[in-house]
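**Q** Residue numbers (the numbering used here): 5 to 513.
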């Protein structure tokens, strides 16, 4: 990654490797047909519940509760924008605090969550009185590089309650509970004192109620950051998260939530999966898990994609993606088959290399199509990588046949490319060269007729709106110094943090 973005209860460890790796001699031996369990406090195997069955929609509340909005990582917006949009207007700004090393605002990936809480939850939380009693209240939850998590009223930009101070810069994206329960989940991308943790907060009083130590002797990598936004299985009350230490966590939360008595507790049980591949020591996962039914999909810093089956607790397939792959995979189901859309960055290749934009069969790992684009990277003491660092936008409704990718350092070190490819065969529908590259993910928006528009924020602080069908630039305006964080859309409103300090709420008119 770049210079800007560098960065218990009962514990049950599941050791599983797949057949291209060496055995875990220090922890026990595993094969695809046999697994060895070890426990921290008990020799008994504890049931962590049934396997999940993730679909495209898993939230019972209005809003965007996790990175890109769903287990498919394909739904960063909800509602519609006006027909024939022509303007982006700044509705409000909020300035965060300032960390002496990392400043504030938000970096990559930095997407806020936006949620309209159920009445029973809203009335139970420590919101300001005027917002606690407001039925149409919508809350923005945004993590910052200043180490705080901010809570804002979407309508006004005013704080809805005090921030949570984690004491460590956060560069990933938070998740709030998709069941509308008062739980907040946050990773930690940077450490001020050498410690790393994944944290769960009780939003009744904003207190820390559980954390996972990122420095784990079971891990094969000693970098303990958590950049990914976790997935919650609401049916089985289970959390899934991957860390930069190379571990995949399954956490049975055992949540007890009673709104009538304002009582919330968790008693987590943890299960871990680790892996190793010969010739690759960078198992760290910076992207957010994508999921379909009982399969989890993710990529690591070595550039390996894999499909992990939570029912069998085995890796079903792996595939090399040519280079470090930090961007979250997105997927779409077609005729009962999940198809993944992904791309690599230019990092391990050197100062220049090829980006492979790919469609992959999620059941088999077979590549359906592969399009290549030359990109550059800045290396050295303060590297700033190029290639694909943002998550693709999946076209829907009238434009369901295309997928939108954003490439950094294409056509020059400062430049970029926004490209629409046909989902069926990967052919180019349109391309829009960018004077400044974008790490921020493209945001697909829709008018009442189902026509797609694409919002993009770039490294020069510009916000842009494109026609999703033909790539025509509708409007562009410079409003900030730098955007790295990804946006969310709620109706005709867009919330996106910038660097070094401001969080913006924009309106599409």
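Glycine included, each C-beta is placed from N, C-alpha and C at the ideal position.
Is residue 198 closer than 8 Å to residue 250 when the C-beta atoms are compared?
**A** By 1-based counting over the chain shown, the position of residue 250 is 246. By 1-based counting over the chain shown, the position of residue 198 is 194. In this structure, residue 198 does not lie closer than 8 Å to residue 250 by Cβ.
**Q** Between which two residues does the alpha helix (DSSP H) holding residue 135 run?
**A** For the purposes of this step, residue 135 is taken as residue 131 along the chain shown, with counting starting at 1. Unbroken alpha helix (DSSP H) run through residue 135: 133 to 136.
**Q** Helix, strand or coil for residue 73 per DSSP?
**A** If you number the chain shown from 1, residue 73 lands on position 69. Three-state DSSP puts residue 73 in a helix.
**Q** Closest to residue 183 by CA distance: which of 345, 315, 62, 357 is it?
**A** Against the chain shown, residue 183 aligns to sequence position 179. It is 62.
**Q** Tell me whether the beta-carbon of residue 120 lies closer than 8 Å to the beta-carbon of residue 178.
**A** Along the chain shown, read from residue 1 onward, the residue named residue 120 stands at position 116. Along the chain shown, read from residue 1 onward, the residue named residue 178 stands at position 174. Their beta carbons are not under 8 Å apart, which means residue 120 does not touch residue 178 by this criterion.
**Q** Less than 8 Å between the CB atoms is what I'm expecting for residue 349 and residue 327, so what's the real figure, rounded?
**A** For this step, residue 349 is matched to residue 345 along the chain shown. For this step, residue 327 is matched to residue 323 along the chain shown. With 8 Å as the limit, residue 349 and residue 327 qualify as a contact, their Cβ atoms being about 6 Å apart.
**Q** Which residue's Cα is closest to the Cα of residue 200: 467, 191, 466?
**A** The residue you call residue 200 lines up with position 196 of the chain shown. Among 467, 191, 466, the Cα nearest to that of residue 200 is on 191.
**Q** Quick check on DSSP: helix, strand or coil for residue 375?
**A** The residue you call residue 375 lines up with position 371 of the chain shown. In this structure, residue 375 counts as strand in the three-state DSSP scheme.
**Q** How would you write the range of the beta strand (DSSP E) that residue 448 sits in, first residue to last?
**A** Stepping through the chain shown from its first residue, residue 448 is reached at position 444. Taken as a continuous stretch (DSSP letters only), the beta strand (DSSP E) holding residue 448 covers 447 to 450.
**Q** Rounded to whole angstroms, what's the CA-CA distance from residue 297 to residue 114? Just pull it up for me.
**A** The residue you call residue 297 lines up with position 293 of the chain shown. The residue you call residue 114 lines up with position 110 of the chain shown. Their backbone Cα atoms lie some 27 Å apart in a straight line.
**Q** Straight-line CA distance for residue 73 to residue 417?
**A** What you label residue 73 is simply residue 69 of the chain shown in a count that begins at 1. What you label residue 417 is simply residue 413 of the chain shown in a count that begins at 1. Each residue's Cα considered, the two are about 31 Å apart.
**Q** Would you call the region 85 to 92 in contact with the region 475 to 495, where contact means no fewer than 3 C-beta pairs closer than 8 Å?
**A** These segments touch.
**Q** Report yes if the CB atom of residue 507 is closer than 8 Å to the CB atom of residue 109, and no otherwise.
**A** The sequence position of residue 507 within the chain shown is 503, counting from 1. The sequence position of residue 109 within the chain shown is 105, counting from 1. Taking 8 Å as the Cβ cut-off, residue 507 and residue 109 qualify as a contacting pair.
**Q** Are the beta-carbon atoms belonging to residue 333 and residue 303 less than 8 Å from one another?
**A** For this step, residue 333 is matched to residue 329 along the chain shown. For this step, residue 303 is matched to residue 299 along the chain shown. Yes, the pair counts as a contact, with Cβ atoms nearer than the cut-off.
**Q** Along the chain, where does the alpha helix (DSSP H) containing residue 518 start, and where does it finish?
**A** The displayed coordinates of the chain run from 5 to 513. Any statement about residue 518 would go beyond what the structure contains.
**Q** From 126, 130, 129, 169, pick the residue whose C-alpha is nearest to that of residue 146; which is it?
**A** The residue given as residue 146 occupies position 142 in the chain shown. Selected option, being the one with the closest Cα: 169.
**Q** For residue 338, does the three-state DSSP call read helix, strand or coil?
**A** Taking the first residue of the chain shown as 1, we reach residue 338 at position 334. In this structure, residue 338 counts as strand in the three-state DSSP scheme.
**Q** I'd like the span of the beta strand (DSSP E) that includes residue 299, first residue to last.
**A** By 1-based counting over the chain shown, the position of residue 299 is 295. Element bounds for residue 299: 299 to 303.
**Q** For residue 385 and residue 464, I'd like the C-alpha separation in whole angstroms.
**A** Within the chain shown, the letter at position 381 stands for residue 385. Within the chain shown, the letter at position 460 stands for residue 464. Taking the straight line joining both Cα atoms gives about 22 Å.
**Q** Using 8 Å for Cβ pairs, my map puts residue 82 next to residue 67. What's the rounded Cβ distance?
**A** Position 78 of the chain shown, counted from the first residue, corresponds to residue 82. Position 63 of the chain shown, counted from the first residue, corresponds to residue 67. Contact flag correct, Cβ pair sits at about 7 Å.
**Q** Can you give, in chain order, each stretch of the beta strand (DSSP E) that sits fully within the region 411 to 457 and has at least 3 residues?
**A** You should have 420 to 426, 432 to 438, 447 to 450.
**Q** Using 8 Å as the threshold, is the region 444 to 460 in touch with the region 395 to 403, meaning 3 or more CB pairs across them?
**A** Segments in contact, yes.
**Q** Give the single residue among 281, 228, 204, 221 whose Cα lies nearest to the Cα of residue 257.
**A** Residue numbering aside, residue 257 sits at position 253 when the chain shown is read from its first letter. Answer by Cα proximity: 204.
**Q** With DSSP collapsed to three states, give me the class of residue 231.
**A** Working through the chain shown from its first residue, we reach residue 231 at position 227. Residue 231: coil per DSSP, three-state reduction.
**Q** Considering Cα atoms alone, identify which of 71, 174, 127, 180 is closest to residue 105.
**A** As a first step, residue 105 is located in the chain shown; it is residue number 101 there, counting from the start. Of 71, 174, 127, 180, the residue nearest in Cα terms is 174.
**Q** Classify residue 34 as helix, strand or coil using the three-state DSSP reduction.
**A** The residue labelled residue 34 in the question sits at position 30 within the chain shown. Bear in mind that a pLDDT of 24 at residue 34, under 50, signals an unreliable position, so the model cannot answer this.
**Q** Since residue 124 is in the alpha helix (DSSP H), which residue starts that stretch and which ends it?
**A** Taking the chain shown and counting its residues from 1, the one referred to as residue 124 is at position 120. 123 to 126 is the extent of the alpha helix (DSSP H) around residue 124.
**Q** Taking the beta strand (DSSP E) that residue 468 belongs to, which residues open and close that run?
**A** Here the question's residue 468 lines up with position 464 in the chain shown. Per DSSP, residue 468 belongs to the beta strand (DSSP E) from 466 to 471.
**Q** How close, in whole Å, do the beta carbons of residue 118 and residue 487 come, if the pair is a contact with beta carbons under 8 Å?
**A** Here residue 118 refers to the residue found at position 114 when the chain shown is read from its first residue. Here residue 487 refers to the residue found at position 483 when the chain shown is read from its first residue. Not really, about 18 Å apart at Cβ, beyond 8 Å.
**Q** May I have the straight-line CA-CA distance separating residue 140 from residue 491, to the nearest angstrom?
**A** Residue 140 sits at position 136 when you count from the first residue of the chain shown. Residue 491 sits at position 487 when you count from the first residue of the chain shown. Going by the C-alpha atoms only, they are around 22 Å apart.
**Q** If I follow the unbroken beta strand (DSSP E) through residue 267, where does it start and stop?
**A** By one-based count along the chain shown, residue 267 stands at place 263. Per DSSP, residue 267 belongs to the beta strand (DSSP E) from 267 to 269.
**Q** Do the region 368 to 383 and the region 424 to 431 make contact, defined as three or more Cβ pairs closer than 8 Å?
**A** Yes, since at least three Cβ pairs between the region 368 to 383 and the region 424 to 431 fall closer than 8 Å, the two stretches touch.
**Q** Which of helix, strand or coil does DSSP assign to residue 403?
**A** Residue numbering aside, residue 403 sits at position 399 when the chain shown is read from its first letter. Three-state DSSP puts residue 403 in a helix.
**Q** If we ignore side chains and look at the alpha-carbon of each, how far apart do residue 356 and residue 381 end up?
**A** On the chain shown, position 352 is the one that residue 356 refers to. On the chain shown, position 377 is the one that residue 381 refers to. The straight-line gap from Cα to Cα measures roughly 6 Å.
**Q** Using the C-alpha atoms, what's the distance from residue 389 back to residue 440?
**A** Position 436 of the chain shown holds residue 440. Position 385 of the chain shown holds residue 389. So the alpha carbons of these two residues sit roughly 14 Å apart.
**Q** Quick check on residue 95: does DSSP put it in helix, strand or coil?
**A** Working through the chain shown from its first residue, we reach residue 95 at position 91. Residue state, collapsed to three classes: strand.
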